[in-house]
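The numbering used here numbers the first residue of the sequence shown as 77 and each following residue consecutively.
All residues carry an ideal CB built from backbone N, CA and C; glycine is no exception.
Before any comments, here is the structure.
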Amino acid sequence: MSESHTQAPTEGEATTHFGFKTVAEDKKADMVKGVFNSVAKRYDIMNDVMSMGIHRLWKDSLINTVNPRPGMHLLDLAGGTGDIAFRFLDAAKGGTVTVCDINAEMLAVGKERAEKAGYADRAEFVCGDAMKLPFASRSVDAYTISFGIRNVTRINEALEEAYRVLKPGGTFYCLEFSPEVVPVLQNAYDTYSFNAIPAMGEFITKDRDSYQYFVESIRRFPTPTKFAAMIREAGFSRVKYRTMSAGIVAIHQGTRI
77 MSESHTQAPT
87 EGEATTHFGF
97 KTVAEDKKAD
107 MVKGVFNSVA
117 KRYDIMNDVM
127 SMGIHRLWKD
137 SLINTVNPRP
147 GMHLLDLAGG
157 TGDIAFRFLD
167 AAKGGTVTVC
177 DINAEMLAVG
187 KERAEKAGYA
197 DRAEFVCGDA
207 MKLPFASRSV
217 DAYTISFGIR
227 NVTRINEALE
237 EAYRVLKPGG
247 TFYCLEFSPE
257 VVPVLQNAYD
267 TYSFNAIPAM
277 GEFITKDRDS
287 YQYFVESIRR
297 FPTPTKFAAM
307 IREAGFSRVK
317 YRTMSAGIVA
327 IHQGTRI
């Protein structure tokens with residue numbers, strides 16, 4: 077990982093968190109890019125290993141919650157490798173998807189996969205920032221973001237942008253890790269997270285630091301109740317969430333009325 081991942085902010089700079097580190101706010105996006113540049117080609121393999129394949133069930137559950145309709149247009153944020161997009165296209169007859177990711181390396185992986193799997197004519201891949209989306213207001217039927225919003229520098233701005241681009245009646249869906257699991261499993265979950273996952277990252281991707289950040293970023297993300305309140309503050313109605321796998325992940329949703 078590059079030295080930018082450890083740069084301390086100078087006095088007077090606005091700050092945010094990068095895992096457990098405090099960093100200059102305007103540096104976080106590049107630092108997150110560095111993480112995903114490092115692991116892009118083995119990202120899906122690592123997801124399978126560290127979740128024991130359960131991430132596939134979580135993503136299937138997200139698509140079931142979206143309940144794709146024929147002709148629906150989905151905007152999938154932080155979905156560079158196409159995991160959510162391709163599930164959606166399989167379920168939505170005549171549907172189309174725009175995959176938007178800040179990381180060009182991840183998008184390249186997804187675009188290659190789309191071409192090989194025959195999705196290229198229904199999927200476009202756009203490099204863009206969740207806090208300043210390059211799309212028209214009221215232009216998409218649904219917005220998904222899977223395991224990506226905790227990497228955004230200013231989450232409230234990403235939520236406001238999601239609201240802006242959704243058509244009235246469109247829904248925001250977010251699949252994200254929770255910092256808390258059921259109390260009886262918390263110690264075991266923390267032990268696995270902080271010991272096993274970085275070691276797996278080192279073995280599989282040759283990058284321990286990126287997966288140390290991964291674990292720490294989950295602990296810095298709001299609890300489901302607090303995140304639901306942030307979704308409401310962005311203007312969404314019918315806000316709700318449900319947890320899965322003893323609280324490890326949650327699916328959040330809110331509708332633009």
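Legend entry - Contact set for Val204: own chain, Cβ-Cβ below 6 Å, skip 5 residues either direction: It is worth fixing the name first, because residue 204 is Gly in this sequence and not Val. Within the same chain, Gly204 has close Cβ partners Cys176 and Pro210.
Legend entry - Coarse secondary structure for Arg230, derived from DSSP in three states: Looking at Arg230 - three-state DSSP - the assignment turns out to be coil, as it is neither helix nor strand.
Inset, instruction - Check whether the Cβ atoms of Ser269 and Pro300 sit closer than 8 Å, and answer yes or no. - result: Not closer than 8 Å, so no.
Legend entry - Same chain, Cβ closer than 6 Å to Pro146, five either side skipped, listed in chain order: Closer than 6 Å at Cβ, skipping near neighbours: Lys169 and Gly170.
Legend entry - Beta-ladder partner(s) of Leu62, from DSSP: Summary: the structure shown does not reach residue 62, with the chain confined to residues 77 through 333, and so no result is reported for it.
Inset, instruction - Can you tell me which of the three DSSP states Phe201 falls into? - result: It is a strand residue.
Inset, instruction - Report the residue from Ala212, Lys187 and Ala310 whose alpha carbon sits nearest the alpha carbon of Phe201. - result: When Ala212, Lys187 and Ala310 are compared, the shortest CA-CA separation from Phe201 is found for Lys187.
Inset, instruction - Count the other CB atoms, across all protein chains shown, that sit within 10 Å of the CB of Gly246; report buried if there are 16 or more and exposed otherwise. - result: Label assigned to Gly246: buried.
Legend entry - Span separating the alpha-carbon of Ala304 from that of Ala310: If I take the Cα positions, the gap works out to 10 Å.
Inset, instruction - Report yes or no: do three or more beta-carbon pairs, one from the region 233 to 242 and one from the region 257 to 266, lie closer than 8 Å? - result: The region 233 to 242 vs the region 257 to 266: no contact.
Legend entry - Distance cut-off 7 Å: Glu200 Cβ against heavy atoms of the ligand ZN: This structure lacks the ligand ZN, and indeed carries no ligand of any kind.
Inset, instruction - Name the one or two DSSP bridge partners that Tyr317 has. - result: DSSP output for Tyr317 lists His328 as bridge partner(s).
Inset, instruction - Verify whether the separation of the beta carbon atoms of Pro144 and Ala161 is less than 8 Å. - result: Cβ distance not < 8 Å, so Pro144 and Ala161 don't count as in contact.
Inset, instruction - Kindly list the residues whose CB is nearer than 6 Å to the CB of Phe96, restricted to its own chain and excluding five residues on each side of it in sequence; keep chain order. - result: Excluding sequence neighbours, Phe96 sits near Glu292.
Inset, instruction - Might you give, ordered along the chain, the residues of its own chain that have their beta carbon closer than 6 Å to the beta carbon of Ala206, omitting 5 neighbours on each side? - result: Counting only Cβ-Cβ distances below 6 Å, and skipping sequence neighbours, we find Leu153, Val228 and Ala234.
Legend entry - Local Cβ density within 10 Å of Glu252, reported as buried at 16 or more and exposed below that: Burial call: buried.
Inset, instruction - Decide if Val325 is buried, meaning its Cβ has at least 16 other Cβ atoms within 10 Å, or exposed. - result: Note on Val325: 16 or more other CB atoms within 10 angstroms of its CB, so buried under the neighbour-count rule.
Inset, instruction - Helix, strand or coil for Gly277, going by three-state DSSP, please let me know. - result: Helix, per DSSP.
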